[in-house]
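As given, the protein sequences belong to chains Y and U, one line each in that order. Just so it is clear: in the first sequence, position 380 is 379 by numbering that gives the first Met the number 0, and no numbers are missing. Just so it is clear: in the second sequence, position 240 is 239 by numbering that gives the first Met the number 0, and no numbers are missing. Each residue gets a CB set at the ideal place from its N, CA and C atoms; glycine is no exception. Remember, predicted model here, so these are calculated numbers, not experimental data.
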Amino acid sequence: MNFKVVGNMLGKLLMYLSALMIFPLLFAFYYNEKSSVSAFIWSIIITFLVGFILHKICPFKNSIGNKESYIIATLGWVFVSGFSTLPFLFSKTIPKFLDAYFECMSGYTATGATILTEIESNSLSVLLWRNETQWIGGMGIILLVVALLPMLGVGGMRLVKSEFPGFELDKIKPRIVETAKTIWLIYIFITLGEIICLYLFGMPLFDSIINTFGTVPTGGFNHKNISIAYYDNVVFEVIIIIFMFISAVNFSLHYKFFHGDRKIYLKNQEFTFFVSIVLISTLLVALELRFSIYDSLLSALRYASFQVVSIVTTTGFVNTDYGIWPHFSQLVLVLLMFLGGCVGSTAGAIKSVRMLLLLKQLKQSFDKLLHPNAIIPIRLGGKVISDDIMQSIRSFFLLYIFVFIIGVFIITATGLDITTAIGAVAATLGGVGPGVGLVGPAENYAFISSIGKITLIICMLLGRLEIYTVLVLLVPEFWKK
Amino acid sequence: MKFKVVLNTLGSLILFLGISMVFPLFYAIYYQEGDIVYAFVASIIITTLSGLLLQYAFTPENGIGRKEGFVIASLGWILAAGFGTLPFLFSGTFTNFIDAYFESMSGFTTTGATVLSSIEGNPLSVLFWRDQIQWMGGMGIIVLVIAILPALGVGGMQLFRSEVPGPEPDKLKPRIKETAKLLYLVYIIISVLQVVCLYISGMSLYDALTHMFGTMCTGGFTPKNLSVGHYNNPTYDLIIIIFMFIAGANFTLHYKVLHGDLKSLLKDREFLFYTGIILLSTLIIATQLRIYVYNTIFAAIRYASFQVVSITTTTGFVTADYDQWPDLSKNILLVLMFIGGCAGSTGGAIKNIRILILLKKASREFQKILHPHAITPIHVGDKKISDEVVNNITSFFMLYMIIFVIGTLIMTSLGLDMTSALSSVAATLGNVGPGLGLVGPSQNYAFIPDIGKIILCICMLLGRLEIYTVLILVVPEFWKK
């Protein structure tokens, strides 16, 4: 194990992080928030110094190995979340470290679960920072580093793979650095697009930025107590629905689309599967809402579509309290928390392509019962999916379910009812944010005990790094030799 | 498809069912239950005549193939449950066919979910029949899980193909006959043993018989409103715990033990896993109950162990209203409903061997991350599990979860809250019986609308026949040629 490489990379990460804190600092100056200004300055100094020292005492040698990349990815997220708590702590927005850490992890993993019971009264620059963590985390902090550091070489590929284990980069560009840059460019492009759209249709600039920082990483933080419902504006909701959707679609499809392949979306089976799930769920929920809550089909569709897209893309924005919806609709939302968006997007959870392949495998298992000796390959868009990939998808699904069950055990052990526990674990593991029951959209995570919060923090990290990257560090064999 | 042989076999099944109605008839005469005697006589006549008619109308050609095996198993349960309703309907215990069918299906699938809100007021002979169908369902299951399903290769159960005692024929029918002979003997010996134990410790013969019927098949019907809790007798509890435990273990193992091979118990990984799960769950629940509910450690262990064994073996007997227990305990019981008994037992649900292999499969992926090119097969004990079996088991698990999810969605759309909905489906799909919330141990299934009852009937059937056996009949390709 080459710990120096790990230390060096973590140091670099922290230095970048300190630079990213300058953005909210500017807003703190602009809004003349004195205590926030000093909070940000101190945070920048401390983060930079720690990063600089780590960087200096651990010189970069050779390349990054397989094992190191897992450690860097996991520790990177753990450290970055840790240092990002500083502005919250110094500005006294969140006095307790664990709470602040929960909020930051929720930010970087683009979950959007909050422990703030009162959001609006806090300083705007700190709230901006809270949303910026989401934006940074959305496309992957490691991917950002890889995009900025050309000297990583093969190690860069390894690093990206440990941050996006299920991410087939689909060879956008031959070199990983180029790919990382391209992806970040698309990300920035979408971000700017949404800010402009929201601003043009009448949202204040600050609100546009904050809401975009919640949408594009499919995070779900914003600076209003009742989330998007605050605006009660159909146009904003439509814009946000569209951008949540775009953000949950494989970015390499967007890339190919812009390079002239106009039919690429329809050719992609994952995309069509994802779209049909969204449409069917919206329809079912809207129908139930029409008969149980809303008088007009239009408002039923408005709230159903927003909530379905918000949950399935693992964003977690709220335009109505779905906690009071009938049980069926709520259950549909809980199930969507497991599905998530497409691979190669900012969405979390199991992801559509995995579900699609697992369903295909189910169909295959029936065929095999009828023809025990036939060899029936699983295909996706004409391509045969290798047995190796299918094996790892199956294992991932199983592990996801196991982690979910263990999480629910621990949360019920802290005294929460089963529905709440299911909602909380599904929402954090899938990177959604609000769950159901006591952690529903009108509630927050503040009341959960410390053990519960730690468990949910781990769930968020596990969900974001697709479980194996983190858990492999716990295998004793990993540390041998 | 050779329909003649299918109908002929079903005919003998129905004939056997008709003859078996003689036992409750004896009780009806013995207890001088007037009209009920006629109800049984009429049921016997109709059932035996239908059976004879089918047998004589269709002379069997030789050989039952794979497809016929699927059809016979599925239709066998559906028809048996149908004819089983006759005594209920003729005696006036049930006035609604769907209720009677639910109760009968719950019996034949050894589920133990009831729609009777008051049990004790009904004629004893009818209650005897209600329990007897469970025991007969258990007989069907033993042949099904030890001979038929392994031969058909359903859900990875081909794993047990070679473990069946007796000769190794290549056709289904002689194999079933041999296996049935050997294992029915085991089933009857253990059944007699339990009746003797209960009778000696003071239970009346009627009660001892009906409780044995509920135990050996891991069913859970009793003639008492409060189930086994009625007696409040630790000795009965203990005897029933032991026999539930036996019934939830592989009958092939019992066969070996009865032949003096005691070591096979300790060598069987599934048996050890099953025992481990039960001990661990009992320990956790007992600890929580000691703190929150009961004053003595003895009471906590007594109720915890009974409920854990009852749920894990998918029996569903109740000595305490566990719906009042703290959430963690309830949650553990809920998860146990999915695990179920061992393969080759009368227990339902996913089964321990599958869970064990799934756990190994999920953890194998870590080995793959550390050693990408190594080939690491899964072992259970010293037996290597083929990839095909592992894949079948994962597919089975997926399918089980999908059915569970669809069932729960339908139940919530009928207005049940999430906990009640998911536990009602888990309890019927796993053939347990009582669930949580509105279908908890002190409640029943009477209030569920007819559509819901039909769905739960389907769940019971699917769970009992390991899903594939039934669902394959819906695949159009099955009926081709």
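Starting from Val379/U, trace the beta strand (DSSP E) both ways and give me its first and last residue. Taken as a continuous stretch (DSSP letters only), the beta strand (DSSP E) holding Val379/U covers Ile377 to Val379.
- Message: Between Gly315/Y, Leu288/Y and Thr116/Y, which has its C-alpha nearest Tyr302/Y's C-alpha?
- Response: Among Gly315/Y, Leu288/Y and Thr116/Y, the Cα nearest to that of Tyr302/Y belongs to Leu288/Y.
Between the CA atoms of Lys350/Y and Phe250/Y - distance to the nearest angstrom:
When the Cα atoms are used, Phe250/Y and Lys350/Y turn out to be separated by approximately 14 Å.
Exercise for review: Hey, could you find the ends of the beta strand (DSSP E) Asn255/U is sitting in?
Suggested key: Reading the sequence as shown, one finds Lys at residue 255/U and not Asn. In the DSSP annotation of this structure, Lys255/U is not part of any beta strand (DSSP E); the continuous alpha helix (DSSP H) holding it starts and ends at Phe250 to Leu257.
### Query
Which residues in the same chain have their Cβ closer than 7 Å to the Cβ of Pro166/U, if we skip the five residues on either side of it in sequence?
For Pro166/U, the predicted model reports a pLDDT of 42, less than 50, meaning its position is unreliable and no value from the coordinates is stated.
* In three-state terms, what does DSSP make of Glu167/U? -> For Glu167/U, the predicted model reports a pLDDT of 43, less than 50, meaning its position is unreliable; a value from the coordinates is still stated below. Glu167/U: coil per DSSP, three-state reduction.
**Study point:** Per DSSP, cross-strand counterpart(s) of Arg378/Y
**Key:** Partner residues in the beta bridge of Arg378/Y, as assigned by DSSP, are Val383/Y.
State buried or exposed for Val317/Y, treating a residue as buried only when at least 16 other CB atoms are found within 10 Å of its CB.
Of the other Cβ atoms in all chains shown, 16 or more fall within 10 Å of the Cβ of Val317/Y; this residue is therefore buried.
- Message: Within 8 Å, do at least three Cβ pairs link the stretch 389-407 of chain Y to the stretch 356-365 of chain U?
- Response: Note that the stretch 356-365 of chain U touches the stretch 389-407 of chain Y; at least 3 beta-carbon pairs, one per stretch, sit closer than 8 Å.
task = Mind checking the stretch 334-360 of chain U against chain Y and listing, in chain order, the residues whose C-beta falls within less than 7 Å of any C-beta there?
result = Result list: Val334, Leu357 and Lys360.
Handout entry: Option nearest Ile352/U by Cα separation, candidates Phe365/U, Phe337/U and Ser226/U
Key = Ranking Phe365/U, Phe337/U and Ser226/U by CA distance to the CA of Ile352/U puts Phe337/U first.
Short Cβ contact (9 Å threshold) for Phe127/U with Leu14/U: No, these two residues do not count as a Cβ contact at 9 Å.
Original post:
Name the chain Y residues whose beta carbon is nearer than 9 Å to that of Lys262/U?
Top reply: In chain order: nothing, as chain Y lies at least about 31 Å away.
What separation, rounded to the nearest whole angstrom, lies between the Cα atoms of Tyr467/U and Gly154/U?
-> Distance between Tyr467/U and Gly154/U, taken at the CA atoms: about 7 Å.
Subject >> Pick from Ile63/U, Asn7/U and Thr84/U that is closest to Ile45/U, judged by C-alpha positions >> reply: Checking every option, the nearest Cα to that of Ile45/U belongs to Thr84/U.
message: Taking a contact to mean a Cβ-Cβ separation below 9 Å, would you say Asn221/Y touches Glu193/Y in this structure?
response: No, the pair does not count as a contact, with Cβ atoms beyond the cut-off.
- Message: Suppose you measure from the CA of Gly339/U to the CA of Val407/Y; what does that come to, to the nearest Å?
- Response: Taking the straight line joining both Cα atoms gives about 19 Å.
In the DSSP output, what is Ile384/U paired with across the bridge? Partner(s): Ile377/U.
Check Thr84/Y in the structure and name its three-state DSSP category.
For Thr84/Y, the secondary structure class from DSSP, reduced to helix, strand or coil, is helix.
So, helix, strand or coil for Leu265/Y, using DSSP?
DSSP places Leu265/Y in helix when its eight states are reduced to three.
Leu460/U versus Leu237/U, Gly136/U, Leu184/U and Pro86/U, residue with shortest Cα-Cα distance: Closest option to Leu460/U, Cα to Cα, is Gly136/U.
What's the C-alpha gap between Phe200/Y and Val308/Y? Whole-angstrom Cα-Cα distance: 21 Å.
Own chain residues within Cβ distance below 7 Å of His54/Y, not counting five before or after = Spatial neighbours of His54/Y in its own chain (CB-CB distance under 7 Å, excluding positions within 5 residues in sequence) are listed in chain order as Asn7, Gly10, Lys11 and Met14.
Tell me whether Lys266/U is buried or exposed, calling it buried when 16 or more other Cβ atoms sit within 10 Å of its Cβ. Exposed, because fewer than 16 other Cβ atoms sit within 10 Å of the Cβ of Lys266/U.
- Would the beta-carbon of Ile450/U fall within 9 Å of that of Ser423/U? Remark: C-beta atoms of Ile450/U and Ser423/U do not approach each other more closely than 9 Å.
ask   = What's the C-alpha gap between Ala299/U and Ile409/Y?
value = Straight-line Cα distance between these residues: approximately 21 Å.
| query | When every heavy atom of the ligand MG is checked, does at least one fall within less than 8 Å of the C-beta of Val402/Y? | reply | Within the structure as shown, the ligand MG is missing, as the structure has no ligands at all.
**Request:** Determine, using beta carbons only, whether Gly137/Y and Pro216/Y come nearer to each other than 9 Å.
**Result:** Result yes, Cβ atoms of Gly137/Y and Pro216/Y sit closer than 9 Å.
Exercise. For Ala420/U, which residues in chain Y fall below 8 Å Cβ to Cβ?
Worked result: His326 and Leu330, listed in chain order.
Nearest CA to the CA of Tyr487/U: which residue from Phe107/U, Val431/U and Thr318/U?
The structure shown does not extend to residue 487/U, since chain U is modelled only from 0 through 480, so no value can be given for it.
_Looking at chain Y, is there any beta carbon in it that lies within less than 9 Å of the beta carbon of Met397/U?_
Any Cβ of chain Y closer than 9 Å to the Cβ of Met397/U would place that residue at the interface, and such an atom is present.
Measure the C-alpha to C-alpha separation of Val4/Y and Glu67/Y and round it to an integer number of angstroms. Taking the straight line joining both Cα atoms gives about 8 Å.
Residue from Leu123/U, Leu48/U, Leu53/U and Arg129/U with nearest C-alpha to Gln31/U:
Comparing C-alpha distances from Gln31/U to each of Leu123/U, Leu48/U, Leu53/U and Arg129/U shows the shortest one belongs to Leu123/U.
First through last residue of the alpha helix (DSSP H) which encompasses Gln31/U
No alpha helix (DSSP H) contains Gln31/U, which DSSP labels as neither H nor E.
Q | Nonlocal neighbours in the same chain, by C-beta distance under 8 Å from Glu102/U, ignoring five residues either side | A | Thr84, Phe87, Phe93, Thr113, Val114, Leu115 and Arg129, listed in sequence order.
Under 9 Å Cβ-Cβ, which residues of chain Y neighbour Gly152/U? Near Gly152/U (Cβ distances below 9 Å), the residues of chain Y are Lys367, Leu368 and Pro371.
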